[in-house]
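Residue numbers (full-length UniProt numbering): 1 to 525.
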């Protein structure tokens, strides 16, 4: 039908140069009137096909008409609600008034309710005693007559105000349509043969390409978007955080050890061996292998002594030291275990001592050469995964990322730490930050860090911070006036705030929609 319709349009244009109104075109093989909306949609498809080849051009004319609703069609057949109510009542003075319950039973609840009101308004009926009677002997059902006019013409001579009233009563509905005026195009022809889209070997061999009609190439057409990889929102925020640290002069710590010993994860940080964080319900322990390699003996002995008996101004925990507890292997609960290792190595290198079994060379950008000439300040950071035996909810996972940082220098104060954290978070675009005093086994004083989440409309904890305890630092060999700021921040929660995510399970996990990953904008703090 499409090719036949196109041919009809071209033949009509060839005879008259212009088709003023496409509603005069009869669609080949169709019995529907050309004036209908569906017929004009069919004609539009043929026009677009011809226009794409510059064979014709057309203008669109919008029209508006009205059609009856189901209720309106019923009124055309049976009369309006008010006319039905009037017809069911006795004439005044000729019989007993009809009670309203009887009227509802006779014509139906809906008709009685609507018709009674409109019949009273028109003065057709009146109340007499406990019932209703006719007030006039005859009526003209204008509603039925108007709807008949709309049904036949799509319009109403009485005007828009009455049409609006019938639309409000849901007796008619507005229907928009269109028709077209068609003119000849620059490539007008009465032939509907489609132009060639490809230059083939056969055309070259026969020479038919010389006379063939080729379709014009559209240089403005957009290509299909290529499917490629995309960075997860966490990776985008991670990269921004790393750039912030590097901009502030930090060096990155190696954090490839997902498995740590109880010594570096807890003991070196002076977490008591009886602390609840070391229980099975909070920490994932390894069953094979069971024990870690021994840490440096002299340092291990100093830590064990301070735990059990005190030292460096501390009373210790006054409980027997357990070597087996210290040697347990576990999935690290925080990257502060790496910070402890790096601080111990920094203290040893600054004294010019070798650090057996702990690697070398990580401090060349942040703490000098470490050739025994004394303490050098250091700024270190890491962003990596940690594991905790958590109950998962909207803001907690058993596996998440920690942003870890330490600043080691002489005579640092808590005010320095607060000032640094405010600057750090402002670079991340998070300006609403609060600090709350807290307790940590390895820092004193300690602060919890909260940021306001606009979607959750509450303050969400995003990290923990504090100043490492003297017995921890002096056991490592640092001078008494050296202070170290330490903090551990969440990566997931700032990402949720940044991207407006209210549930962490829609950020990480197998149910995360790929289009969310692909369409998340690059983070620019």
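Built from N, CA and C at the ideal position, the CB exists for glycine as well.
If you measure between the beta carbons of residue i and residue j, is that distance less than 8 Å?
i: residue 85; j: residue 139; result: no
i: residue 22; j: residue 7; result: no
i: residue 466; j: residue 445; result: yes
i: residue 379; j: residue 407; result: yes
i: residue 156; j: residue 163; result: yes
i: residue 10; j: residue 55; result: yes
i: residue 260; j: residue 330; result: yes
i: residue 443; j: residue 469; result: yes
i: residue 531; j: residue 387; result: Since the first and last residues shown for the chain are 1 and 525, residue 531 lies out of range.
i: residue 158; j: residue 167; result: no
i: residue 91; j: residue 150; result: no
i: residue 476; j: residue 339; result: no
i: residue 306; j: residue 448; result: no
i: residue 147; j: residue 72; result: yes
i: residue 187; j: residue 53; result: yes
i: residue 377; j: residue 275; result: no
i: residue 241; j: residue 383; result: yes
Report all residues from its chain with a CB closer than 7 Å to the CB of residue i; omit the five preceding and five following residues, and keep chain order.
i: residue 99; result: 130, 131
i: residue 514; result: none
i: residue 119; result: 82, 85, 86, 125
i: residue 237; result: 491, 494, 495, 498, 523
i: residue 474; result: 312, 480
i: residue 289; result: 329
Distance check for residue j and residue i, CA to CA, integer angstroms please.
i: residue 3; j: residue 195; result: 14 Å
i: residue 264; j: residue 317; result: 18 Å
i: residue 526; j: residue 424; result: Nothing in the structure corresponds to residue 526, since the chain is present only between 1 and 525.
i: residue 82; j: residue 61; result: 39 Å
i: residue 206; j: residue 212; result: 11 Å
i: residue 111; j: residue 177; result: 33 Å
i: residue 128; j: residue 103; result: 14 Å
i: residue 272; j: residue 389; result: 19 Å
i: residue 402; j: residue 269; result: 17 Å
i: residue 246; j: residue 235; result: 16 Å
i: residue 202; j: residue 193; result: 19 Å
i: residue 284; j: residue 277; result: 11 Å
i: residue 46; j: residue 198; result: 23 Å
i: residue 501; j: residue 258; result: 28 Å
i: residue 286; j: residue 321; result: 21 Å
i: residue 255; j: residue 301; result: 25 Å
i: residue 345; j: residue 304; result: 18 Å
i: residue 88; j: residue 80; result: 13 Å
i: residue 522; j: residue 20; result: 53 Å
i: residue 57; j: residue 210; result: 28 Å
i: residue 189; j: residue 153; result: 38 Å
i: residue 12; j: residue 63; result: 24 Å
i: residue 508; j: residue 239; result: 17 Å
i: residue 452; j: residue 433; result: 7 Å
i: residue 298; j: residue 353; result: 12 Å
i: residue 142; j: residue 191; result: 54 Å
i: residue 416; j: residue 431; result: 18 Å
i: residue 78; j: residue 108; result: 14 Å
i: residue 185; j: residue 243; result: 59 Å
i: residue 37; j: residue 160; result: 22 Å
i: residue 33; j: residue 123; result: 43 Å
i: residue 114; j: residue 223; result: 59 Å
Starting from the C-beta of residue i, find all residues in its chain whose C-beta is less than 6 Å away, skip the five residues before and the five after it, and write them out in chain order.
i: residue 59; result: 181
i: residue 175; result: 65, 67
i: residue 410; result: 481, 482
i: residue 398; result: 390
i: residue 233; result: 495, 499, 520
i: residue 295; result: 263
i: residue 14; result: 190
i: residue 183; result: 18, 57
I believe residue i touches residue j by the beta-carbon criterion, under 8 Å. Please report the beta-carbon distance rounded to the nearest angstrom.
i: residue 462; j: residue 490; result: 5 Å
i: residue 488; j: residue 335; result: 7 Å
i: residue 404; j: residue 381; result: 6 Å
i: residue 230; j: residue 484; result: The Cβ separation is near 38 Å, so there is no contact.
Spatial neighbours of residue i within its chain, please: CB distance less than 8 Å, with the 5 preceding and 5 following residues excluded, ordered by chain position.
i: residue 308; result: 316, 317, 318, 319, 320, 321
i: residue 49; result: 2, 6
Measuring only between beta-carbons, confirm whether residue i sits less than 8 Å from chain D.
i: residue 72; result: No chain D appears in the structure shown, which is made up of a single protein chain.
Start-end ranges of the alpha helix (DSSP H) lying completely within the stretch 256 to 326, minimum 4 residues
262 to 265, 297 to 309, 323 to 326
Which runs of the beta strand (DSSP E) at least 3 residues long sit entirely within the stretch 384 to 446? Give them in chain order.
399 to 410, 433 to 440
In chain order, what are the residue ranges of uninterrupted beta strand (DSSP E) at least 3 long that sit wholly in the stretch 6 to 67?
Taking only runs of at least 3 residues, no beta strand (DSSP E) segment lies wholly in the stretch 6 to 67.
Would you mind listing the beta strand (DSSP E) stretches within the stretch 127 to 181 that are 3+ residues and don't spill past its ends, in chain order?
Listed in chain order, they are 131 to 134.
Length-filtered (3 minimum) beta strand (DSSP E) runs lying within the stretch 462 to 506:
482 to 490
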